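Reviewing the structure listed below.
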Amino acid sequence: MSALDKLRQMRNGADEQAMHRENYKKFIARFSEDEAKEYAESIRILFGKDDAAALALFEEGAYQTADQARESARSCWAVSAKEFY
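Numbering of the sequence shown is given in this note's numbering, commencing with residue 71 and proceeding in unit increments.
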C-alpha cells in the first residue's frame, strides 16, 4: 500500500469516527443532564479497553463480543440520528 493510500485510509477512518461522534451527540441531545452523564459513563466503559466490563453492561449472552456491542451502539446512534433529526 502506498503512502497516499495509507493517508486516504486514515482520513476515511477519521471521517467515520467523526460521523459516529456526531450521531452520538444527536442521540443524547434529548436526554436530561443526569441521563446524559449516566449514559456517557456507560459509553466510556463500552468503548474502553476492558472487553469484559463492556459486556457486563448488557444482559448475559446479549452479545458474544464487546466489538459486537460497540457496533450495535454505533448503529443505534445512526438510526436515531436519521429518525429524529
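In this text, a Cβ means the ideal position worked out from N, Cα and C, and glycines have one as well. Just so you know, these numbers come straight off a predicted model, no measurement behind them.
(message) Taking contact to mean 3 or more Cβ pairs, one atom from each stretch, closer than 8 Å, check whether the region 87-105 and the region 117-129 are in contact.
(response) no
(message) By alpha-carbon positions, which one of ALA124, GLU111 and MET89 ends up nearest to ALA148?
(response) MET89
(request) Give the secondary structure of PHE97 by DSSP, where H, G and I count as helix, E and B as strand, and everything else as coil. (result) helix
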